[in-house]
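Colleague: Numbering follows this note's numbering, in which position 494 of the first sequence is assigned residue number 538; successive positions increment by one, without gaps.
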Amino acid sequence: MRRCIRNPKNQLSSFHTLNHHHQLQGNIIHQHVTHNNTHILHNLARLYAARNQIELARHVFDQIPEPSVVLWNTMIRAYAWSGPFQEAIHLYHRMLQLGVTPSNFTFPFVLKACSALQAIQVGIQIHDHVLTLGLQADVYVSTALVDMYAKCGNLFEAQTIFDSMLHRDIVAWNAIISGFSFHVLFNQTMHLLAQMQLAGISPNSSTIVSVLPAVGQANALCRGKAIHAYSVRKIFSHDVVVATGLLDMYSKCHHLSYATKVFNTVNQKNEICWSAMIGGYVFCDSMRDALALYDDMVLMHCLSPTPVTLASILRACAKLTDLNKGKSLHCYMIKSSINLDTTVGNSLISMYAKCGVMNDAVGFLNEMITKDTVSYSAIISGFVQNGHAEKALLIFCQMQLSGIDLDSATMIGLLPACSHLAALQYGACCHGQSIVRGFTADTSICNAIIDMYAKCGKIHFSRQIFDRMHKRDIVSWNTMIISYGIHGLYIEALSLFHELRASGLKPDDVTLIAVLSACSHSGLVAEGKYWFSSMSQDLNISPRMAHYICMVDLLARAGNLDEAYSFIQRMPFQPDVCAWGALLAACKTHRNIEMGERVSKKIQLLGPESTGNFVLMSNIYSSVGRWDDAAHIRSIQRHQGYKKSPGCSWIEISGVIHGFIGGDQSHPQSASINNKLQELLVQMKNLGYQADSSLVLHDVEQEEKEQILLYHSERIAIAFGILNSSPSNPILVTKNLRICVDCHSAIKFMSLITKREITVRDASRFHHFENGICNCGDFW
DNA sequence: ATAGGGTTAG
45 MRRCIRNPKN QLSSFHTLNH HHQLQGNIIH QHVTHNNTHI LHNLARLYAA RNQIELARHV
105 FDQIPEPSVV LWNTMIRAYA WSGPFQEAIH LYHRMLQLGV TPSNFTFPFV LKACSALQAI
165 QVGIQIHDHV LTLGLQADVY VSTALVDMYA KCGNLFEAQT IFDSMLHRDI VAWNAIISGF
225 SFHVLFNQTM HLLAQMQLAG ISPNSSTIVS VLPAVGQANA LCRGKAIHAY SVRKIFSHDV
285 VVATGLLDMY SKCHHLSYAT KVFNTVNQKN EICWSAMIGG YVFCDSMRDA LALYDDMVLM
345 HCLSPTPVTL ASILRACAKL TDLNKGKSLH CYMIKSSINL DTTVGNSLIS MYAKCGVMND
405 AVGFLNEMIT KDTVSYSAII SGFVQNGHAE KALLIFCQMQ LSGIDLDSAT MIGLLPACSH
465 LAALQYGACC HGQSIVRGFT ADTSICNAII DMYAKCGKIH FSRQIFDRMH KRDIVSWNTM
525 IISYGIHGLY IEALSLFHEL RASGLKPDDV TLIAVLSACS HSGLVAEGKY WFSSMSQDLN
585 ISPRMAHYIC MVDLLARAGN LDEAYSFIQR MPFQPDVCAW GALLAACKTH RNIEMGERVS
645 KKIQLLGPES TGNFVLMSNI YSSVGRWDDA AHIRSIQRHQ GYKKSPGCSW IEISGVIHGF
705 IGGDQSHPQS ASINNKLQEL LVQMKNLGYQ ADSSLVLHDV EQEEKEQILL YHSERIAIAF
765 GILNSSPSNP ILVTKNLRIC VDCHSAIKFM SLITKREITV RDASRFHHFE NGICNCGDFW
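1) Taking just the CA atoms, how far does residue 510 sit from residue 261?
2) What residue does the alpha helix (DSSP H) around residue 236 start on, and which one ends it?
3) Which full runs of the alpha helix (DSSP H) of 4+ residues lie inside the stretch 308-378, going along the chain?
4) Does the Cβ-Cβ distance between residue 525 and residue 569 come in under 8 Å?
5) Hey, residue 145 and residue 116 are a contact pair by Cβ (cut 8 Å); roughly how many whole angstroms apart?
6) May I have the straight-line CA-CA distance separating residue 822 from residue 602, to the nearest angstrom?
7) What residues in its chain sit with their C-beta under 6 Å from that of residue 615, if we drop five residues either side in the sequence?
8) Relative to the C-alpha of residue 771, which candidate in 219, 797, 277, 781 has its C-alpha closest?
9) With DSSP run on the structure shown, which of helix, strand or coil describes residue 299?
10) Scan the stretch 500-587 and note each continuous alpha helix (DSSP H) run of 4 residues or more that stays entirely inside, going in chain order.
11) Is it buried or exposed for residue 574, if we count other Cβ within 10 angstroms and need 16 for buried?
12) In its own chain, which residues sit with a C-beta less than 7 Å from the C-beta of residue 182, not counting the 5 before and 5 after it?
13) With a Cβ-Cβ cutoff of 8 Å, do residue 513 and residue 555 count as a contact?
14) Using a 10 Å radius around the Cβ and a threshold of 16 neighbouring Cβ atoms, would you call residue 700 buried or exposed?
15) Indicate the three-state DSSP secondary structure (helix, strand or coil) for residue 137 in the structure shown.
16) What are the boundary residues of the alpha helix (DSSP H) that includes residue 802?
17) Pull up the distance between the alpha-carbon of residue 561 and that of residue 422, whole angstroms please.
18) By how many angstroms is the C-alpha of residue 537 removed from the C-alpha of residue 528?
19) If you reduce the DSSP assignment to three classes, tell me which class residue 646 lands in.
20) Is the distance from the Cβ of residue 728 to the Cβ of residue 790 below 8 Å?
21) Helix, strand or coil for residue 823 per DSSP?
22) What residue from 401, 393, 300, 218 has the CA that sits closest to residue 246's CA?
23) Are three or more beta carbon pairs between the stretch 537-547 and the stretch 499-506 nearer than 8 Å?
24) Is it buried or exposed, residue 142, if we count other Cβ atoms within 10 angstroms and call 16 or more buried?
25) Are residue 617 and residue 595 closer than 8 Å when you measure CB to CB?
26) Ordered along the chain, which non-local residues of its own chain (more than five positions away) have a Cβ less than 7 Å from that of residue 600?
27) Taking the beta carbon of residue 695 as the centre, do at least 16 other beta carbons fall within 10 Å, making it buried, or is it exposed?
28) Flag this pair as touching only if the stretch 426-437 and the stretch 382-401 have three or more C-beta atom pairs under 8 Å; answer yes or no.
29) Quick one: what's got a C-beta closer than 7 Å to residue 297's C-beta in the same chain, skipping five residues either side?
30) For the beta strand (DSSP E) holding residue 700, just list the boundary residues, first then last.
31) Give the single residue among 775, 776, 780, 719 whose Cα lies nearest to the Cα of residue 754.
32) Suppose you measure from the CA of residue 130 to the CA of residue 161; what does that come to, to the nearest Å?
33) Given a cut-off of 8 Å, decide if residue 439 and residue 470 are closer than it, judged by their beta-carbon atoms.
34) DSSP state of residue 726, grouped into three classes?
35) Could you pull the DSSP bridge partners for residue 775 from this structure?
36) Could you check which residue in 402, 448, 335, 403 has the C-alpha nearest to that of residue 418?
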């Protein structure tokens with residue numbers, strides 16, 4: 045050591061032998077040379093920079109009184125190469141402050157940092173500087189400018205500079221091509237690729253690698269194959285980087301067999317290549333293959349998963365709702381102290397949310413050191429997906445308090461939360477924010493807004509949004525058709541379906557569910573049967589269980605109980621509780637005890653899945669006065685441990701949502717609500733209202749029935765609404781279950797007495813009461 | 001070269 049210091053000329057060679065473990069030694073040496081000469085410091089800084097030890101390089105650099113331009117460039121390049129990019133720009137600015145004139149080598153590096161940060165304002169300043177120094181003709185500088193403008197999104201300026209270049213080498217061509225490819229302007233990218241070849245320059249592997257993502261995103265399989273063939277001819281298709289690009293392109297084109305073929309040709313597969321293949325399987329919904337390949341990578345090939353690998357594989361667990369696998373991966377990450385970056389953390393949150401364990405999702409969110417928009421959005425969507433819209437809104441408040449801004453994906457979580465809650469005022473706020481922030485250019489956002497207005501009872505607003513959209517996808521049409529359906533506007537629903545067919549867009553399986561249920565609710569048996577047979581024959585959509593259930597509903601609702609029964613038995617699927625449940629509901633409507641009993645037995649054989657069906661059967665017995673049988677069914681239900689989920693209704697008044705469960709007396713205004721209900725009951729009875737005997741458990745007095753029914757949650761919510769809103773305002777109440785027959789008839793009277801529009805959204809549709817009539821025509 | 005949160009129906 046001492047010998048080295050005494051003989052500084054030997055120092056550099058001794059540094060070459062240093063490795064990470066000897067950094068300390070290196071530091072000691074450089075402390076000793078600090079006061080010697082700047083020439084050595086220059087070399088030392090360059091050496092550290094070349095080794096990517098930026099902090100050490102910076103430490104030395106900062107001690108040099110007047111670094112040469114070359115050294116400034118070295119430092120800026122080091123930062124531009126591997127970040128932090130901001131530091132490259134910072135050094136450039138300091139260089140100018142100190143009066144050092146940048147050279148033509150400075151610009152490509154600092155511009156690269158601008159590209160990485162998408163910092164176009166700084167980029168423009170640098171461009172000005174280039175012009176004042178008269179360096180715009182330099183190939184390297186102009187290429188860097190092209191790259192910066194292209195990456196930052198100003199493709200026009202990039203193209204202008206590129207066109208003005210007298211000499212364009214392959215790097216310049218790659219810069220402009222990768223710019224267009226980066227923004228997925230597929231046609232322009234392909235055009236430039238052709239022009240490049242016309243100019244006599246053959247694309248190299250960098251060119252190929254930069255265009256492949258755009259090919260994949262554009263789903264341009266034929267182009268992709270041509271590029272693959274070109275790569276084979278030029279003998280770089282076996283290069284890991286090219287092969288990774290190729291297999292990613294193939295999987296984005298849903299061509300997994302080619303992707304795996306390319307994958308298998310690579311001899312020296314690295315983690316990126318494995319991750320790309322695993323990601324490809326996940327993209328194509330081949331979750332089992334993704335998991336198998338992951339095991340292969342980690343167990344057989346002893347490679348460590350990178351954050352990218354983990355993000356992909358966690359997504360596979362989420363899609364499979366394989367909580368065990370997801371948890372074991374989480375444990376593995378903790379045990380092997382893999383650095384949990386924010387992306388992986390967000391994948392974990394999403395996995396927990398998709399598996400329905402929101403406690404774990406929120407628990408992990410709270411542990412996260414750096415939470416971002418995605419973390420919160422995952423939680424918000426998770427709560428909505430798990431049926432806790434109100435918690436989604438609460439988390440959103442927490443997100444705002446923590447200063448993290450929302451983006452359009454957050455909004456796409458918030459809007460369905462408003463839909464579920466029928467929270468019109470929150471929903472309208474979301475709509476407003478979406479306009480202000482420019483989200484409404486996004487089709488998915490508009491779709492969510494259409495759904496929100498429809499579920500909040502404002503179907504006309506939905507249609508306005510739908511009509512004004514620039515671009516509609518199949519979800520837009522489906523949402524609008526379904527919205528008409530739940531509002532009982534079946535003519536509009538079916539006519540929109542015909543418009544969709546005329547528009548040239550292909551209906552999908554969801555469209556047909558919407559159409560079939562529209563037919564079923566409006567009693568259009570023949571039309572429903574027609575579309576059911578047509579969907580597989582003409583529209584090339586194979587019917588799923590849900591479609592069969594729609595058909596059962598269609599037949600049974602119209603009174604064709606026997607036909608529905610045999611339809612269920614002929615289904616190509618094992619009939620489930622829902623299929624039988626649809627028939628059972630119709631048995632109740634059509635008071636067919638014999639069929640009801642048969643169906644009820646089938647359901648009981650299927651096991652403990654549905655409670656509503658027990659209630660239904662019990663009600664069927666009660667409706668014909670067979671109280672003992674009704675009680676027996678209820679006792680089986682109790683005996684087997686089924687619990688009826690409580691009826692719950694809510695109403696939004698002045699932006700506050702008030703919720704009530706059946707018999708609820710806990711609201712501060714409970715006394716006046718009760719008075720209102722009693723007062724209404726008297727008036728209703730004067731007009732001929734009679735409590736429906738079939739709905740309440742057997743052998744209680746009429747008086748008592750009235751009182752039980754009086755406090756069904758929807759009635760409490762309506763009374764609350766009457767008391768707390770001006771008479772000109774319509775009332776919208778939302779209920780978690782289906783409305784009961786008695787409430788349905790009572791609300792008709794209430795609308796007549798109070799002369800108010802009352803809308804109830806129950807679990808299946810809207811009931812719009814006005815002047816004693818409901819728009820469902822008592823058929824629901 | 002690979003990666004995270006996202007709209008409709010049941």
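Yeah, the Cβ is synthetic: ideal placement off N, Cα and C, and Gly gets one too.
Modeller: Checking against the coordinates, here is how it stands:
1) 27 Å
2) 230-242
3) 315-327, 331-339, 351-364
4) no
5) The pair is not a contact, with the Cβ atoms about 10 Å apart (cut-off 8 Å).
6) 13 Å
7) 592
8) 797
9) coil
10) 503-512, 518-530, 534-547, 553-565, 569-581
11) exposed
12) 148
13) no
14) exposed
15) helix
16) Taken as a continuous stretch (DSSP letters only), residue 802 belongs to no alpha helix (DSSP H), being part of the beta strand (DSSP E) at 802-805.
17) 32 Å
18) 5 Å
19) helix
20) yes
21) coil
22) 218
23) no
24) exposed
25) no
26) 608, 626, 627, 630
27) buried
28) yes
29) 260, 263, 265, 268
30) 700-705
31) 719
32) 8 Å
33) no
34) helix
35) 802
36) 448
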